[in-house]
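> Taking this note's numbering, I'd label the letters of the sequence shown as residues 460 to 666.
A virtual CB, placed ideally from N, CA and C, is assigned to each residue, including glycine.
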Amino acid sequence: MQERVSAACDACGRPASSVAIVAASKTRSIETILEAHALGVNVFGESKMQEALPKIAALPQVERWRFIGKLQSNKVKFLAPFEALETLESPAQLKELAKLERPIEALIQVNIGREPQKSGILPENATEFVESALQCKQVSFRGFMTIGPAVRNAEEMRPYFRSLFALNERFGGTCLSMGMSDDFEVAIQEGSTHIRIGSALFGARHN
Ligand SMILES: *Cc1c(COP(=O)(O)O)cnc(C)c1O
Numbered sequence: 460m461q462e463r464v465s466a467a468c469d470a471c472g473r474p475a476s477s478v479a480i481v482a483a484s485k486t487r488s489i490e491t492i493l494e495a496h497a498l499g500v501n502v503f504g505e506s507k508m509q510e511a512l513p514k515i516a517a518l519p520q521v522e523r524w525r526f527i528g529k530l531q532s533n534k535v536k537f538l539a540p541f542e543a544l545e546t547l548e549s550p551a552q553l554k555e556l557a558k559l560e561r562p563i564e565a566l567i568q569v570n571i572g573r574e575p576q577k578s579g580i581l582p583e584n585a586t587e588f589v590e591s592a593l594q595c596k597q598v599s600f601r602g603f604m605t606i607g608p609a610v611r612n613a614e615e616m617r618p619y620f621r622s623l624f625a626l627n628e629r630f631g632g633t634c635l636s637m638g639m640s641d642d643f644e645v646a647i648q649e650g651s652t653h654i655r656i657g658s659a660l661f662g663a664r665h666n
């Protein structure tokens, strides 16, 4: 995986160190995560709090976890072991984040394809929501994250990635989490700093 990322970076003149691979480890076992860690994967993204907490507790050798799933505000209090919340999207989450004991890095999730069933704020609400995030003392705003629409061809993602990049520039973000197994090369070309990779790293998911 790291070779494919390095090649994609080379091809567009970016240093390989400018893109972090976040291993999307939902449904993967402790053993599988441990194997990936032994091979050099050191950042993992979990999607469900009740699944993540026991895994994190069982894997003290893994130091870096990011939360990448939908997060109910009543689960915000469990974010302590995570370095970042990539799916900030609601005032209710902000209210709970303010109660944390230490600041946490946060990316605001944007519903870039304007899909009714998807999480994330709409781009036109970014100004208002970034302002409220900046006022929350335990939130260190870093940038934006998106899960784009399902497309047949990775190239179709380019306009979505490009518009999220523009949004991130507008708000001075330094992190941009976009790109998954099927489209990370396009995401890297469009300025992604964090690609979230599941199946290309661990194989197809069966559950
Ligand atoms: C599962 C997941 C991914 C990884 O998806 P793949 O297509 O398997 O690479 C990325 N982001 C989020 C938020 C996920 O839940």
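With V464 and V481 assumed to form a contact (beta carbons below 8 Å), what rounded beta-carbon distance in angstroms separates them?
Actually they do not touch by this definition, with Cβ atoms about 11 Å apart.
> Give the secondary structure of A609 by DSSP, where H, G and I count as helix, E and B as strand, and everything else as coil.
Coil.
> If we require 3 or more residues per run, which beta strand (DSSP E) segments fall completely within the region 548 to 635?
Within the region 548 to 635, the complete beta strand (DSSP E) runs of at least 3 residues are 563 to 568, 598 to 604.
> Please state whether DSSP places F541 in a helix, a strand or coil.
F541 falls in the coil class under three-state DSSP.
> Name the residue from P519, A516, A511, A517 whose alpha carbon lies nearest to the alpha carbon of V535.
Nearest of P519, A516, A511, A517 to V535, Cα basis: A511.
> Look at F620 and A565 and say whether their C-beta atoms are less than 7 Å apart.
No. Outside cutoff.
> Give me every residue whose Cβ sits closer than 7 Å to any heavy atom of ligand 1, in chain order.
So the residues near ligand 1 by this Cβ test are A483, K485, G504, S506, I527, G528, I606, M639, S640, D641, R655, I656, G657, S658, A659, R664.
> Using a threshold of 7 Å, state whether the C-beta atoms of A467 and I647 are closer than that.
Yes; because the gap between Cβ atoms is below 7 Å, this pair is in contact.
> On the DSSP letters alone, give me the boundaries of the alpha helix (DSSP H) that A475 sits inside.
Where A475 is concerned, there is no enclosing alpha helix (DSSP H), given that its DSSP letter is neither H nor E.
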